[in-house]
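Participant: Okay, handing you the structure first.
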Amino acid sequence: MESMLVAANLKLPSSKSFKEKHNAVVQILQHLSMQGCAETKASCLSGGERKRLCIALELIADPPILFLDEPTSGLDSSTCQQCVNLLSMLAREGRTVICTIHHPSAKILEKFDHMILLAEGRSLYHGTVSSLLPFLRQLGLHCPPYHNPADYGVGKRKKVMSGTGPKTTEDAVAEYAVSFTSQVGCLFLRCVKVSTRDLVSVPTDFLRDTVI
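Note that the UniProt record's numbering numbers the sequence shown so that position 75 is 75, with each residue one more than the last.
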């Protein structure tokens, strides 16, 4: 509760009274089913409770988008499922929830709407979770029953990479390469914009920036 109140004082406008901030904290704790540990020190919370506390601290400002880095790391399978269920609930309420996750189980993967499957620094797949298996089948890859589609796709990454995107790193670089002339033009325009911000010192600043 104390951590939540401190965050509320920092994130909520000063026009809100202490009672309003306290009520907001209580509502979030009830929403995340954390009433039972409201008076517990943060250092004494379990792994799953700490994850929920981190999410609760962000919900105080009522953000439309939540970014989470490895929200399930260090959790057992049961607590991991509870954490993902919580994120799914928040998404159903109208928030956009974006998170990174390693080796999700099939049950956890089903909770996500969209996914980007990454391997070796490249994107193997980008789309809805339900379309992953049809995408793999188009490449001649048939995920066996009771296998995790995400793990199967990563395991067959060489086949997936050969069927999508540039064939080599050189091809990728050539596709997105910017010419030297474009780079010089971009830097020159930036120099002009920076120099003309202060009209009094335009002549000296422009010449100095150009020479540099």
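From the three backbone atoms N, C-alpha and C, an ideal C-beta is built for every residue, glycine too.
#1: Taking only runs that begin and end inside the UniProt domain "ABC transporter" (20-73), name each unbroken beta strand (DSSP E) of 3 or more residues, in chain order.
#2: Grab the span of the beta strand (DSSP E) containing residue 256 for me, first residue to last.
#3: Measuring only the C-alpha atoms, how far is HIS147 from SER105?
#4: With a 10 Å radius around its C-beta and 16 neighbouring C-beta atoms as the bar for buried, classify THR210 as buried or exposed.
#5: How big is the Cα-Cα spacing for ARG122 and LEU141?
#6: By how many angstroms is the C-alpha of ILE98 removed from the C-alpha of GLY48?
#7: Evaluate VAL84 with the Cβ neighbour count: other Cβ atoms within 10 Å of its Cβ, from every protein chain shown; 16 or more gives buried, anything less gives exposed.
#8: Using the beta-carbon count (16 or more within 10 Å), is LYS158 buried or exposed?
#9: Could you give the DSSP three-state label for TYR152: helix, strand or coil?
#10: Please name the residue or residues paired with TYR125 in a DSSP beta bridge.
#11: In or out: ARG52 buried (at least 16 other Cβ within 10 Å) or exposed?
#12: Tell me which residues share the same chain as SER73 and place their Cβ nearer than 8 Å to its Cβ, disregarding the 5 neighbours each side in the sequence.
#13: Of the residues LEU109, GLN183 and SER179, which one's Cα is nearest the Cα of TYR152?
#14: Which residues mark the beginning and the end of the alpha helix (DSSP H) in which LYS111 is found?
#15: Do PRO149 and LEU132 have their C-beta atoms closer together than 7 Å?
#16: Are residue 214 and LEU29 touching if we call contact CB-CB under 7 Å?
#17: Using the beta-carbon count (16 or more within 10 Å), is ILE116 buried or exposed?
#18: Around the Cβ of PRO71, are there at least 16 other Cβ atoms within 10 angstroms (buried) or fewer (exposed)?
#19: Tell me the rounded alpha-carbon separation between LYS193 and LYS16.
#20: Terminal residues of the continuous alpha helix (DSSP H) containing GLU2?
Facilitator: On the basis of the data shown:
#1: 65-69
#2: The requested residue 256 does not occur in the structure, where the chain is confined to residues 1 to 212.
#3: 9 Å
#4: Its pLDDT being 49, under 50, THR210 is placed unreliably by the model, and the measurement read from it follows with that caveat. So THR210 counts as exposed.
#5: 19 Å
#6: 19 Å
#7: buried
#8: exposed
#9: helix
#10: LEU117
#11: buried
#12: HIS102
#13: LEU109
#14: Here LYS111 belongs to no alpha helix (DSSP H), and DSSP marks it neither H nor E.
#15: yes
#16: Here the chain has residues from 1 to 212 only, and residue 214 is not among them.
#17: exposed
#18: buried
#19: 41 Å
#20: 2-11
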